[in-house]
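These protein sequence lines are chains P and W, in that order. In this text, residue positions in the first sequence follow UniProt numbering: the first is 1, and each later residue adds one. In this text, residue positions in the second sequence follow UniProt numbering: the first is 1, and each later residue adds one. For each residue, glycine too, the CB sits at the ideal point set by N, CA and C.
Protein chains: 2
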Amino acid sequence: MDSAALLDLLGNENRRRILRLLARKPCYVTEISEYLGVSPKAVIDHLRKLEEAGIVESRTDDQRRKYFHISRNLRLEVNVSPYEFGTKSAYPASRGFDITTWRYLTLDVQLDDAEEGTRELASELRELEQLENELSMAQRWVQGRITEVLDELTDDVDADGDSRLYADVLLALADGPKLVDDIAADAEAPPEMVEQVLADLSENGLVERVDDGWTLGD
Amino acid sequence: MDSAALLDLLGNENRRRILRLLARKPCYVTEISEYLGVSPKAVIDHLRKLEEAGIVESRTDDQRRKYFHISRNLRLEVNVSPYEFGTKSAYPASRGFDITTWRYLTLDVQLDDAEEGTRELASELRELEQLENELSMAQRWVQGRITEVLDELTDDVDADGDSRLYADVLLALADGPKLVDDIAADAEAPPEMVEQVLADLSENGLVERVDDGWTLGD
């Protein structure tokens, strides 16, 4: 689902409390209402929004009581930095996901799941939770380093306004010479604006004209 | 800062649009107000909340115009699954962070930052962005696998209600025998509730009593 819609949903404390409760066990409306100290009407309204977003589902038991539970895995990431406000929401990658094709990253986890007993499952769970922590630290490290690199890049440029666009143009040229239109497409900016940026960058010697486009300066 | 406070702030579309704008360049109130089509009064109110949270700062230029910019790096992660509603907010790890101590993860990135030219910085930026994507995929994979392991663990248990607590108790025993109070502390649940869970689990042969505590069954 859309990150914006997800943030709108999660921006409400009572909806977060409902999700925290449902993550522990399936519940019916009266239970949630009593636990939260919120009217059943308000709980029903929150549940309806969560259901419409596909986060929550209900099922009815033998006593015709309707239980709500969280229906799916999803993950939201928000990065805020002087150069970025990025939101990303994603469903977990499928099990068949080929981690051997990753270029920068090696995961040293036992993926053998034949004959798993409780002991093996519990150890695997512990390893996965540690791995999750490490990945999160790695992401924080990468985010910090990206900010440092952008700081260094934009220091060279001496641009007032939109320094991120200068960095995006340099980034577009990182894998070789390109035409203005291709740079503009990569940097998600109008070609005229990119022409101006390239002119500024070439004054500082950071880019150079080549036959049919631009390249990074030496 | 607190994840809940951050979600409350980000749960507003206009505040997200302000952050997206400030991530491209520092702006003054009138600029933001015109861009968003929102009254200066409302913009000032949003900026005040963002400033109080330490996300945004202002500085005044030679013409006494007050520019706002994003003041720091931060990162928010939300995991939603049938077993978890977790939010985590964090500042980026410091540069000196020792990635060689990670046990499960190897990052193969050039960390050499002597004599960096524009070309090297632009390539590094591209690598970092790819790495960021891979880490994000890795986390989605881990999250999916954690759900699978919890599915398998709780299938064995046949618990109604709070199946996550059963898994947390098994998880607490993954690294060896423990006393009830220590298990309760790990699982963040009252000792009496944990005693009941241990009794249920021992009926299924999943845990066993030992001298002064409990251990996983064979």
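Between L7 of chain P and L10 of chain W the beta-carbon gap is near 5 Å, inside 8 Å, which marks them as a contact. The alpha-carbon separation between P177 of chain W and N133 of chain W amounts to approximately 39 Å.
Just so you know, the alpha carbons of L36 of chain W and L135 of chain P end up roughly 36 Å apart. Look at the segment 32 to 47 of chain W: it has no residue with a C-beta under 9 Å from a C-beta of chain P. Using a Cβ-Cβ cut-off of 7 Å, S81 of chain W is close to I70 and N73 of chain P, given in chain order. Any Cβ of chain W closer than 8 Å to the Cβ of D8 of chain P would place that residue at the interface, and such an atom is present. In the structure shown, the three-state DSSP call for Y67 of chain W is strand. Put simply, the segment 44 to 57 of chain P does not touch the segment 52 to 66 of chain W. Fewer than three CB pairs are less than 8 Å apart.
V157 of chain P sits close to Y166 of chain P, with the two beta carbons spaced by under 8 Å. C-alpha of I183 of chain P to C-alpha of A172 of chain P: approximately 6 Å in a straight line.
Proximity of chain W to N14 of chain P at the Cβ level (cut-off 9 Å) is not reached, the minimal Cβ distance being about 12 Å.
Beta-carbon to beta-carbon, R164 of chain P and A23 of chain W are separated by about 7 Å, close enough to satisfy the 8 Å threshold. The beta carbons of T147 of chain P and N73 of chain W sit about 6 Å from each other, so the pair counts as a contact at 8 Å.
Taking the Cα positions, G86 of chain P is about 25 Å away from L198 of chain P.
The continuous alpha helix (DSSP H) containing L201 of chain W extends over residues P191 to E203. Flagged as an interface residue toward chain W: D175 of chain P, by a C-beta distance shorter than 8 Å. Under the DSSP assignment, K88 of chain P falls outside any alpha helix (DSSP H), being part of the beta strand (DSSP E) whose first and last residues are E84 to A90.
Between V169 of chain W and L201 of chain W, the gap from beta carbon to beta carbon is short of 8 Å. Proximity of S58 of chain W to chain P, defined by a Cβ-Cβ separation below 8 Å, is not satisfied. Think of a sphere of 7 Å around the beta carbon of I55 of chain P: the chain W residues whose beta carbon falls inside it are V80, in chain order.
With a minimum length of 3 residues, the unbroken runs of beta strand (DSSP E) contained wholly in the UniProt domain "HTH arsR-type" (1 to 89) of chain W fall at 56 to 60, 66 to 70 and 74 to 81. The DSSP-derived three-state label of G176 of chain W is coil.
Counting C-beta atoms within 10 angstroms of its own C-beta, Q143 of chain W has 16 or more neighbours from the protein chains shown and is therefore classed as buried. DSSP places E188 of chain P in the coil class of the three-state scheme, outside both helix and strand.
Residue pairing by DSSP puts E208 of chain W in a beta bridge opposite W:T215.
Rounded to whole angstroms, the separation of the alpha carbons of L206 of chain P and E34 of chain W is 34 Å. Nearest in C-alpha terms to P191 of chain W, of all of W:G213, W:N204, W:E203 and W:A174, is W:G213.
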